[in-house]
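So in the working numbering the end of the sequence shown lands on 100, straight run, no missing numbers. Glycine included, each C-beta is placed from N, C-alpha and C at the ideal position.
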Amino acid sequence: MPKPNLLAKDFDFATVLPEWQVNLDTQELEREFVFKDFKRAFEFMVLCANFAEELDHHPDWSNTWNRVSVRLSTHSLKALTELDITMASAMDRFALQILA
């Protein structure tokens, strides 16, 4: 697999991923997703897990009943990369699909 591209220093996180918090010190994106119940949270996690396998880029996450807490970073580079943006954007789409 090719080395993922680092993000530009002026990458506009607020526009591209408005629901995510960015920690530039730890080079992580963070978000908590809240669903109606455990079943929907788990459906979300299955969609994300399947996509993560396709992308070969896996989130650090935890689930407590209807909540899924996510942290994304490209650990091999100790940085945020295009992979993190791709995964975060997909997670946002999957959440909308589950919440619809």
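Using a Cβ distance threshold of 8 Å, determine whether the stretch 30-38 contacts the stretch 75-83, with at least three qualifying pairs required. no
Is Phe-33 helix, strand or coil by DSSP? strand
Does any C-beta atom of chain B lie closer than 8 Å to the C-beta of Ala-8? The structure shown has no chain B; it contains just one protein chain.
Determine the closest residue to Met-87 out of Asp-25, Met-45 and Lys-9, with distance taken between C-alpha atoms. Met-45
Is Leu-17 buried or exposed, if buried means 16 or more other CB atoms sit within 10 Å of its CB? buried
Pull up the DSSP beta-bridge partners for Leu-99, would you. Partner(s): none; Leu-99 has no beta bridge.
Roughly how many angstroms lie between the CA atoms of Trp-20 and Asn-66, to the nearest whole one? 18 Å
Neighbourhood of Ala-90 by C-beta distance below 6 Å, restricted to the same chain and skipping five residues each side: Phe-51
I'd like the ranges of any beta strand (DSSP E) spanning at least 3 consecutive residues and lying wholly in the stretch 13-100. 21-23, 28-34, 60-64 and 67-72
State the CB to CB distance for the pair Asp-84 and Leu-29, rounded to an integer number of angstroms; the pair is presumed to be in contact (CB under 8 Å). 6 Å
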